[in-house]
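Engineer: Numbering (our numbering), first residue to last: 1148 to 1484.
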Ligand code: SAM
Ligand code: SF4
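(1) Out of 1317, 1222, 1160 and 1194, point me to the one whose CA is closest to residue 1174's CA.
(2) Rounded to whole angstroms, what is the Cα-Cα separation between residue 1361 and residue 1327?
(3) So residue 1480 is in the alpha helix (DSSP H); what residue range does that whole segment cover?
(4) State yes or no: is the C-beta of residue 1459 within less than 8 Å of the C-beta of residue 1162?
(5) Return the chain-ordered list of same chain residues with a C-beta closer than 8 Å to the C-beta of residue 1180, the five sequence neighbours on each side being excluded.
(6) Have a look at the DSSP bridge pairing and note the partners of residue 1249.
(7) Taking residue 1448 as part of the alpha helix (DSSP H), name the residues at either end of that continuous run.
(8) Could you tell me which residues DSSP puts in a beta bridge with residue 1390?
(9) Can you tell me whether DSSP reads residue 1347 as helix, strand or coil?
(10) Please tell me whether, using a cut-off of 7 Å, the distance from the CB of residue 1475 to the nearest non-hydrogen atom of the ligand SAM is below it.
(11) If I follow the unbroken alpha helix (DSSP H) through residue 1306, where does it start and stop?
(12) Is residue 1225 a contact residue of the ligand SF4, with contact defined as CB to any heavy atom under 7 Å?
(13) Kindly indicate which three-state DSSP category residue 1192 falls into: helix, strand or coil?
(14) In angstroms, rounded to a whole number, what distance separates the CA positions of residue 1214 and residue 1159?
(15) Can you list, in chain order, the residues of its chain with a C-beta nearer than 8 Å to that of residue 1397? Leave out the 5 residues immediately preceding and following it.
(16) Since residue 1168 is in the alpha helix (DSSP H), which residue starts that stretch and which ends it?
(17) Looking only at C-alpha atoms, which of 1315, 1354 and 1410 sits nearest to residue 1401?
(18) Within 7 Å: the Cβ of residue 1277 and any heavy atom of the ligand SF4?
(19) Under 8 Å, Cβ to Cβ, is there at least one residue of chain C near residue 1240?
(20) Just to check, is the beta-carbon of residue 1471 closer than 7 Å to a non-hydrogen atom of the ligand SF4?
(21) Run through DSSP, which three-state label would residue 1487 get?
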C-alpha cells in the first residue's frame, strides 16, 4: 500500500482527558499452551484470513506512532508462534529512538531460546515472560501440557542476550499460591522483576474462575511478612502498583483489577488479531481497523482511530462471582493481554 501522510495528526486524548501513548498488539490468537485460566482446552481460533497481515499491522502501528504512541507491546496468543513476528519486530524496532520509546513483547517463553538474540537485535530491551509455576508437574497442569524447562531455558537465553525480564504470574487460589513467595525469592536472585496478576473474567473457560480467584491484597500482606518490601514510586501509566525488594533491583508489581481499580491513569489501547481496536480490555466496544484499511486505506484508518477515542470508557467493571458469565466474551488472547 502506498504511503500517505497521516490525515489526522492530532494527539490521542480521550473524553476523560487521558492521553493514549501505549498500543498493545495481538499478533495472533493462537497459542502452543492452553493455560486453564486463559482458554478452554478445545479453544477455537480465528480463521487465518481474519488475521491482519504483517504489513497491515505495521501500517496501522505507524499511524499510532505518528499520533503520539510511545510504546508498543507485541502479544497474543503466543506472539512467537506467528512465523513473521520477528519481521514485525525488526520493522517496528526501527522506530525505537525515533517515534517510539519502547518496543516490547509478552511471551510464554516456550520459543524464547531460539529468538532471544534476534529480539534484542531488533531493538527490544525488556520483555515479559509468563511463568505461573516453576514446578514441572504444576506447570504442566496449569498450561495443560507445557514443559517448564523450555521456558526456564528461554528466560536464561533472554537474560544472556541482554534483555531485562519481568515475570508475569497469575495468582491462582489453591494452585500456585504456595509458589508466590519462592517465585519472588527466585526473581530477586536472578535479577528479574515479578508482576502478580488477579485472574480476570475474560472469555469462557472450562472452569469457574471464581474457584481460583486469589485477591492480591492478602497475598501482599503475606509477602510483606516474609520479605523486606519498600513502596516504589515507579509508574508505568498502567495497572500495576509497585514495591521494591530491598537490596535488589527487583520490582514487585501487583495488577489487581478486581480488588483495586486503576482506570483513572489508563494510557493504553489494544489492536486485536482481527484488526479491532479495543479501547478497554473490559468492554465489548471496538472500531474495525481491518475493514478500514482494506476498504478505505490509511485515511480511513486515521478517521476510525479518531472515532474510537469517544468509545474509551471511564473504567472497567470486572466482577467475579461463582457461576457468573465472563464480563467480556472475548478471550485475552484475542485482544492482546
Ligand atoms: N501467550 C503470552 C503469555 O502467556 O505471556 C502472551 C499473551 S497472554 C494472554 C498475556 C498475559 O495475560 C499472560 O501473563 C497471561 O498469564 C495473562 N492472562 C491470560 N488470561 C488471563 C486472565 N483471564 N486473567 C488474567 N490474566 C490473564
Ligand atoms: Fe497461551 Fe498466554 Fe493464554 Fe497461556 S496465557 S494459553 S500462554 S495466550
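Cβ coordinates follow ideal geometry from the N, Cα and C atoms, glycine included.
Structural biologist: On the basis of the coordinates in this document:
(1) Mapped onto the chain shown, residue 1174 falls at position 27. Of the candidates 1317, 1222, 1160 and 1194, the one whose C-alpha sits nearest the C-alpha of residue 1174 is 1222.
(2) Locating residue 1361 in the chain shown gives position 214, counting from the first residue. Locating residue 1327 in the chain shown gives position 180, counting from the first residue. So the two alpha carbons sit approximately 12 Å from each other.
(3) The residue you call residue 1480 lines up with position 333 of the chain shown. First-last of the alpha helix (DSSP H) with residue 1480: 1479-1482.
(4) Locating residue 1459 in the chain shown gives position 312, where the first residue counts as 1. Locating residue 1162 in the chain shown gives position 15, where the first residue counts as 1. Contact: yes.
(5) Within the chain shown, numbered from 1, the residue matching residue 1180 stands at position 33. Closer than 8 Å at the Cβ level, and outside the excluded window around residue 1180, lie 1225, 1255, 1257, 1290, 1291, 1292 and 1293.
(6) For the purposes of this step, residue 1249 is taken as residue 102 along the chain shown, with counting starting at 1. Answer is 1218.
(7) Residue 1448 sits at position 301 when you count from the first residue of the chain shown. Where residue 1448 is concerned, the enclosing alpha helix (DSSP H) stretches over 1444-1455.
(8) As a first step, residue 1390 is located in the chain shown; it is residue number 243 there, counting from the start. For residue 1390, which the question treats as bridged, DSSP gives the partners 1378 and 1399.
(9) Position 200 of the chain shown, counted from the first residue, corresponds to residue 1347. Here residue 1347 sits in coil by DSSP.
(10) By one-based count along the chain shown, residue 1475 stands at place 328. Result no, Cβ not under 7 Å from the ligand SAM.
(11) Looking up residue 1306 in the chain shown gives position 159. Run containing residue 1306: 1295-1308, per the alpha helix (DSSP H) assignment.
(12) Reading the chain shown from its first residue, position 78 is the one you call residue 1225. Yes, the ligand SF4 has a heavy atom inside 7 Å of this Cβ.
(13) Taking the first residue of the chain shown as position 1, residue 1192 is located at position 45. Note: residue 1192 maps to coil in three-state DSSP.
(14) To locate residue 1214, count along the chain shown from 1; it is residue 67. To locate residue 1159, count along the chain shown from 1; it is residue 12. Their Cα atoms are separated by approximately 6 Å.
(15) Taking the first residue of the chain shown as position 1, residue 1397 is located at position 250. Cβ neighbours of residue 1397 beyond the five flanking positions: 1331, 1334, 1335, 1338, 1339, 1340, 1341 and 1391.
(16) Taking the chain shown and counting its residues from 1, one reaches residue 1168 at position 21. Premise fails: residue 1168 is in no alpha helix (DSSP H) and is neither H nor E.
(17) For the purposes of this step, residue 1401 is taken as the residue at position 254 of the chain shown. Checked all of 1315, 1354 and 1410; the closest Cα to residue 1401 is 1315.
(18) Working through the chain shown from its first residue, we reach residue 1277 at position 130. At least one heavy atom of the ligand SF4 is nearer than 7 Å to the Cβ of residue 1277, so yes.
(19) Looking for chain C here will not work: only one protein chain is present.
(20) The residue you call residue 1471 lines up with position 324 of the chain shown. False, no ligand heavy atom lies under 7 Å from that Cβ.
(21) This structure leaves residue 1487 out entirely; the chain is present only between 1148 and 1484.
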